[in-house]
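Mapping to the numbering used here: the sequence shown position 1 is 55, numbers consecutive. Taking it in order: structure first as structure tokens, then the write-up.
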Amino acid sequence: MDCTIPGCAGKYESQYIVHTYRHGERIVLFDNVPAEVCATCGDTLMSSIATQRIENLLRNGSKPTGVVPLYDFLSQ
55 MDCTIPGCAG
65 KYESQYIVHT
75 YRHGERIVLF
85 DNVPAEVCAT
95 CGDTLMSSIA
105 TQRIENLLRN
115 GSKPTGVVPL
125 YDFLSQ
């Protein structure tokens, strides 16, 4: 599929991405999320199914598989 960003001639390719999401006061990472990524500009599209799955994981309080360190750039 052609990229939807005006002026970009790239095409979307299926990839698995890391998706970062702010959930209230927490920052949550989702690894291995299926998405379409433009090979030229990097624009990323996630399907409604992927988005619904992320929302369900957050709503159901699923236990994370790991913990990621967070650094505050401004406080260093």
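C-beta atoms are modelled at their ideal positions from N, C-alpha and C, and glycine is treated no differently.
Bridge partners - residue i, DSSP secondary structure assignment
i, result
"D56", "K65"
"V121", "In DSSP, V121 forms no bridge with anything."
Cα-Cα separation, residue i to residue j
i, j, result
"Y125", "M55", "37 Å"
"Q106", "T119", "19 Å"
"Q69", "S129", "34 Å"
7 Å Cβ shell around residue i - same chain, five flanking residues per side excluded
i, result
"T74", "I81 and L83"
"L99", "Y66, A89 and E90"
"G64", "C57, C92, A93, T94 and C95"
"C122", "Note on residue identity: the sequence assigns Val, not Cys, to residue 122. Within the same chain, V122 has close Cβ partners L83."
Test item: CB-CB of residue i and residue j under 7 Å
i, j, result
"D97", "C57", "yes"
"L112", "H77", "yes"
6 Å Cβ shell around residue i - same chain, five flanking residues per side excluded
i, result
"A104", "V87 and P88"
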